[in-house]
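Enquirer: In this note's numbering, the protein residues as written are 814 to 996. Quick one: this structure, given as structure tokens, is what I'll be asking you about.
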DNA sequence: TCGAAGATTGTCT
DNA sequence: GACAATCTTCGAG
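Following this line, the structure appears as structure tokens:
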């Protein structure tokens, strides 16, 4: 999904960004994945068919956007952690008035949802049509992709399942002790 | 019905 | 770099 463009249309307008950072959540055998809890009301869409959105709230305050990747019932998804603003930048600034630099608009999973206008009401929607679309963008060469452990989790914290674009200004901050390697 | 934990962010030092 | 805010979700009692 790196290099693909995520676009969200709301009554306020359209905002979009190029995906530069993702994390994989593998399913019920991944201790950090929400699917370990089984099928619950919260994880209903995570267990849905591939190609739909799974949006959930963390820490009571922020939304996180995922794309479901495996067949219905598995419960695996890719979390989008950061995007590079492409269109609707003015709208993003209006939604996040406290942000000074454009690179801080979307360099985190909660930030990009706030900037693009993604909320829980969009969870479960197919990603190949309005209002929420992931479309093909510029391919990222393998040499420009780095891998590191996932961020902000406590279980299976050492699994190398975070993927991001090398040298991108728009990737979220990497903890210093995290060792990233190339493909 | 209650309590603990959480795929984060923003602010303060 | 440290820590508080904030509230939904889910398991236990």
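Just so you know, even glycine gets a beta-carbon here, dropped at the ideal spot from N, CA and C. These figures come from a predicted structure and were not determined experimentally.
Helix, strand or coil: which one does DSSP assign to residue 919?
Expert: Taking the first chain and counting its residues from 1, the one referred to as residue 919 is at position 106. Coil at residue 919, not helix or strand.
Enquirer: Would you kindly report the start and end of the unbroken beta strand (DSSP E) that includes residue 835?
Expert: Taking the first residue of the first chain as position 1, residue 835 is located at position 22. From DSSP, the beta strand (DSSP E) with residue 835 extends over 826-838.
Enquirer: Pull up the distance between the alpha-carbon of residue 869 and that of residue 955, whole angstroms please.
Expert: Position 56 of the first chain holds residue 869. Position 142 of the first chain holds residue 955. Those two C-alpha atoms are separated by around 30 Å.
Enquirer: Using the rule of at least 16 other Cβ atoms within 10 Å of the residue's Cβ for burial, across every protein chain shown, is residue 872 buried or exposed?
Expert: Taking the first chain and counting its residues from 1, one reaches residue 872 at position 59. Exposed, because fewer than 16 other Cβ atoms sit within 10 Å of the Cβ of residue 872.
Enquirer: Let's see if you can read the secondary structure: which residues bound the beta strand (DSSP E) around residue 755?
Expert: Absent from the structure is residue 755, since the part of the chain shown begins at 814 and ends at 996.
Enquirer: Hey, is the segment 826-844 in contact with the segment 897-905, meaning 3+ C-beta pairs nearer than 8 Å?
Expert: Enough Cβ pairs lie closer than 8 Å, so yes.
Enquirer: What are the start and end residues of the beta strand (DSSP E) that includes residue 904?
Expert: In the first chain, counting from the first residue as 1, residue 904 sits at position 91. Not the beta strand (DSSP E): residue 904 falls in the alpha helix (DSSP H), residues 902-908.
Enquirer: Confirm, please, whether the CB-CB distance from residue 821 to residue 938 is below 8 Å.
Expert: In the first chain, the residue the question calls residue 938 occupies position 125. In the first chain, the residue the question calls residue 821 occupies position 8. No, these two residues do not count as a Cβ contact at 8 Å.
Enquirer: What does the alpha-carbon distance come out to for the pair residue 1041 and residue 899?
Expert: Nothing can be reported for residue 1041: it is not among the residues displayed for the chain, which extend from 814 to 996.
Enquirer: Taking Cβ to Cβ, would you say residue 935 is nearer than 8 Å to residue 866?
Expert: Numbered from 1 along the first chain, position 122 holds the residue referred to as residue 935. Numbered from 1 along the first chain, position 53 holds the residue referred to as residue 866. Yes; because the gap between Cβ atoms is below 8 Å, this pair is in contact.
Enquirer: For residue 970, collect the residues of the same chain with a Cβ closer than 8 Å to its Cβ; drop the 5 residues on either side in sequence, then sort them by chain order.
Expert: The residue you call residue 970 lines up with position 157 of the first chain. Here the set comprises 845, 962, 963.
Enquirer: Roughly how many whole angstroms lie between the Cα atoms of residue 948 and residue 915?
Expert: Here residue 948 is taken as the residue at index 135 of the first chain, counted from 1. Here residue 915 is taken as the residue at index 102 of the first chain, counted from 1. If I take the Cα positions, the gap works out to 22 Å.
Enquirer: The beta strand (DSSP E) spanning residue 867 covers which residue range?
Expert: If you number the first chain from 1, residue 867 lands on position 54. Taken as a continuous stretch (DSSP letters only), the beta strand (DSSP E) holding residue 867 covers 866-871.
Enquirer: Quick one: residues in its chain with C-beta nearer than 7 Å to the C-beta of residue 928, no 5 flanking neighbours on either side, listed in chain order?
Expert: Residue numbering aside, residue 928 sits at position 115 when the first chain is read from its first letter. Hits under 7 Å: 828, 905, 908, 909, 918, 919.
Enquirer: So, are the CB atoms of residue 984 and residue 815 less than 8 Å apart?
Expert: Here the question's residue 984 lines up with position 171 in the first chain. Here the question's residue 815 lines up with position 2 in the first chain. Contact flag unset, no.
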